[in-house]
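J.: In this note's numbering, the protein residues as written are 255 to 553.
Have a look at this one.
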């Protein structure tokens, strides 16, 4: 098995790689050697430990996106300013390597000067979504640790806004006083809806609404499942309240993990907004494939 090229999604926590052929994925592999665990001199070996079985005598193009191109990553790929297409071959950065079998390219992220914002990795998913659905104009939401809302028009990212929703959920549910009432991984749709409604109607009271979760656990026996779901509803509700200029009156496309996108779709549906979901991995690979094609054309 000899792939035409290798796709890499390299985030803070994980490294994922796919051997790509004319018909798509030939093989895939991953490791927990994310950007956050590596010093700059260890990235090449971490990559080779995953993709070595796919290499031959010819030089193999490796196209990567994500935090691998951050200032703390392997090699910085400077941000491109919006409005602009989500990806551009001219913006790719070639990484100096020691192994002659690989030619590594990193896709740059996007930046917005006012209000200040950045994305790295999501631009590749947006490009993939546009490749899969040419002519798309509207709003894309990419839920995750740092959720992104992006306005797309004429093939360009016009503006975007990031929310710390996923990271706040992790911090509050695992490291704050609320953690004592949130053991397990269960769920309660009614509690999610209640949290969502409370946050959307009074986002200014989010601090008090959060502590109520702790108090109800002590005084009223609020179950861990209900507490976790209501926390999620509260945080997504505050995000939707702030992101209202993006989704109001729009058909929204969600790109991300299935379970998380399901929660966002439920929250948007409660506001009368239709949401379509695209798988994150499919969009990432379609975006990287668009770069691979331009790279091949340039040879």
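C-beta: ideal position from N, C-alpha, C; glycine also.
1. If you follow the alpha helix (DSSP H) that residue 500 is part of, which residue opens it and which one closes it?
2. May I ask which residues mark the beginning and end of the beta strand (DSSP E) holding residue 418?
3. Just the C-alpha distance for residue 298 and residue 306, rounded to the nearest angstrom, thanks.
4. Taking 6 Å as the line, does the beta carbon of residue 450 fall inside it for any heavy atom of the ligand FMN?
5. By how many angstroms is the C-alpha of residue 460 removed from the C-alpha of residue 492?
6. Starting from the C-beta of residue 226, find all residues in its chain whose C-beta is less than 7 Å away, skip the five residues before and the five after it, and write them out in chain order.
7. Using beta-carbon positions only, say whether residue 308 and residue 273 come within less than 7 Å of one another.
8. What's the gap between the Cα of residue 356 and the Cα of residue 266?
9. Mind listing, in chain order, the continuous beta strand (DSSP E) runs of no fewer than 3 residues lying wholly within the stretch 444-513?
10. Using the C-alpha atoms, what's the distance from residue 388 back to residue 268?
11. Kindly list the residues whose CB is nearer than 6 Å to the CB of residue 531, restricted to its own chain and excluding five residues on each side of it in sequence; keep chain order.
12. On the three-pair Cβ rule with 8 Å, is the stretch 401-421 touching the stretch 446-453?
13. Among 366, 482, 477, whose alpha-carbon lies nearest the alpha-carbon of residue 403?
14. For the candidate residues 397, 481, 522, 396, whose alpha-carbon lies nearest to that of residue 438?
15. Among all the DSSP beta bridges, which residues are the ones paired with residue 366?
16. Are the C-beta atoms of residue 424 and some chain C residue less than 7 Å apart?
17. So, helix, strand or coil for residue 518, using DSSP?
18. In whole angstroms, give me the CA-to-CA distance for residue 328 and residue 423.
19. Alpha carbons only, please: which of 466, 500, 454, 458 is nearest the one belonging to residue 524?
T.: This is what the structure holds:
1. For the purposes of this step, residue 500 is identified with residue 246 of the chain shown, where counting begins at 1. Residue 500 -> alpha helix (DSSP H) spans 498-501.
2. Here residue 418 refers to the residue found at position 164 when the chain shown is read from its first residue. That residue, residue 418, is in no beta strand (DSSP E); it is neither H nor E in DSSP.
3. For the purposes of this step, residue 298 is identified with residue 44 of the chain shown, where counting begins at 1. For the purposes of this step, residue 306 is identified with residue 52 of the chain shown, where counting begins at 1. Residue 298 and residue 306: Cα-Cα distance of roughly 11 Å.
4. Inclusion of the ligand FMN in the displayed structure is not the case, the ligand content being empty and no account of it being possible.
5. As a first step, residue 492 is located in the chain shown; it is residue number 238 there, counting from the start. As a first step, residue 460 is located in the chain shown; it is residue number 206 there, counting from the start. Computed Cα separation, rounded: 8 Å.
6. What is shown of the chain runs 255 to 553, which leaves residue 226 out entirely.
7. Translated into positions along the chain shown, residue 308 becomes position 54. Translated into positions along the chain shown, residue 273 becomes position 19. Result yes, Cβ atoms of residue 308 and residue 273 sit closer than 7 Å.
8. Taking the chain shown and counting its residues from 1, the one referred to as residue 356 is at position 102. Taking the chain shown and counting its residues from 1, the one referred to as residue 266 is at position 12. Roughly 22 Å separates the two Cα atoms.
9. 506-510
10. Translated into positions along the chain shown, residue 268 becomes position 14. Translated into positions along the chain shown, residue 388 becomes position 134. Their Cα atoms are separated by approximately 30 Å.
11. If you number the chain shown from 1, residue 531 lands on position 277. Closer than 6 Å at Cβ, skipping near neighbours: 508, 515.
12. no
13. Taking the chain shown and counting its residues from 1, the one referred to as residue 403 is at position 149. Among 366, 482, 477, the Cα nearest to that of residue 403 belongs to 366.
14. Counted from its first residue, the chain shown places residue 438 at position 184. Taking only the C-alpha atoms, the option nearest residue 438 is 481.
15. To locate residue 366, count along the chain shown from 1; it is residue 112. Answer by DSSP bridge pairing, in chain order: 371.
16. Given the protein chain composition of this structure (a single chain), no chain C is represented.
17. The residue labelled residue 518 in the question sits at position 264 within the chain shown. Here residue 518 sits in helix by DSSP.
18. For this step, residue 328 is matched to residue 74 along the chain shown. For this step, residue 423 is matched to residue 169 along the chain shown. Straight-line Cα distance between these residues: approximately 29 Å.
19. Stepping through the chain shown from its first residue, residue 524 is reached at position 270. Measuring from the Cα of residue 524, the nearest candidate turns out to be 454.
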